[in-house]
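This report concerns only the one structure given below.
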Amino acid sequence: HAIDVTASDWGVEAGALFDGVVSFNMIHIAPFAAATGLFAGAGRVLKRGGVLFLYGPFARAGVHTAPSNEAFDASLKSRDGRWGVRDLEHDLAPLAQKNAFVREAIVAMPANNLCVVFRKQ
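Residues in the sequence shown are numbered from -19 upward in steps of one, following our numbering.
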């Protein structure tokens, strides 16, 4: 079912723990509160060792990974100032740390996207 990642209740049974949470092409076309909520919610519902898997365009340490991602970021921000390509180190690393995740892998994908794997500690 659809989940409002910004909600404190994801509609799962109390005490249920999952092996993984997957998010494709979401955090760049949503306010940053969605990324914050995704990490917080995944931190609540994943068991220790569980995986948070993200796919989409990302910046790295303040730099876009490709000119097309920079143009895409500008396009997103022109449509809604709360949207934009998120930076793995500046935006997501603090969320990961706050919610007991460590970044385990980054895999380059077609169209200048990345798969990013975070594991709950």
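Note that the Cβ used here is the ideal one computed from N, Cα and C, for glycine as well.
Keep in mind it's a predicted model, so treat the numbers as computed, not measured.
For residue i, which residues in the same chain have their Cβ closer than 7 angstroms to its Cβ, ignoring the five residues on either side in sequence?
| i | result |
| --- | --- |
| N92 | P37, T45, A46, S48 and N49 |
| F52 | P37 and V65 |
| V97 | V31, F33, E84 and A85 |
| V(-8) | V25 |
Closest by CA to residue i, which one among the options?
| i | options | result |
| --- | --- | --- |
| L22 | W63, K57, E84 and V2 | For the sequence presented, residue 22 should be read as Ala rather than Leu. The shortest Cα separation from A22 among W63, K57, E84 and V2 belongs to V2. |
| L32 | K78, R83 and E(-7) | R83 |
| W(-10) | A20, A51, M6 and Q101 | A20 |
| D117 | A13, G(-5), H8 and L(-3) | This structure does not reach residue 117, given that the chain is present from -19 up to 101, and the question cannot be answered. |
| K78 | A(-18), N5, V(-8) and L18 | L18 |
| V25 | S58, V43, H8 and L(-3) | L(-3) |
| S58 | H8, V43, F98 and A88 | H8 |
Hey, would you say residue i sits closer than 8 angstroms to residue j, going by beta carbons?
| i | j | result |
| --- | --- | --- |
| L75 | T16 | yes |
| D116 | K27 | Not covered by the structure: residue 116. The range shown for the chain is -19 to 101. |
| A73 | Q101 | no |
Skipping 5 residues on each side, what residues in its chain have a beta carbon closer than 8 angstroms to that of residue i?
| i | result |
| --- | --- |
| R40 | D67, L68 and E69 |
| M89 | Y35 and C95 |
Sorted by chain position, which residues of the same chain lie with C-beta nearer than 6 angstroms to residue i's C-beta, five sequence neighbours on each side aside?
| i | result |
| --- | --- |
| P11 | R62 |
| F4 | Y35 |
Could you give the distance in angstroms between the alpha-carbon of residue i and the alpha-carbon of residue j?
| i | j | result |
| --- | --- | --- |
| R99 | G29 | 6 angstroms |
| L94 | I86 | 7 angstroms |
| S(-12) | M6 | 18 angstroms |
- Unbroken alpha helix (DSSP H) runs of length 4 or more, entirely within the stretch 11 to 81: which are they? 12 to 25, 47 to 59 and 73 to 78
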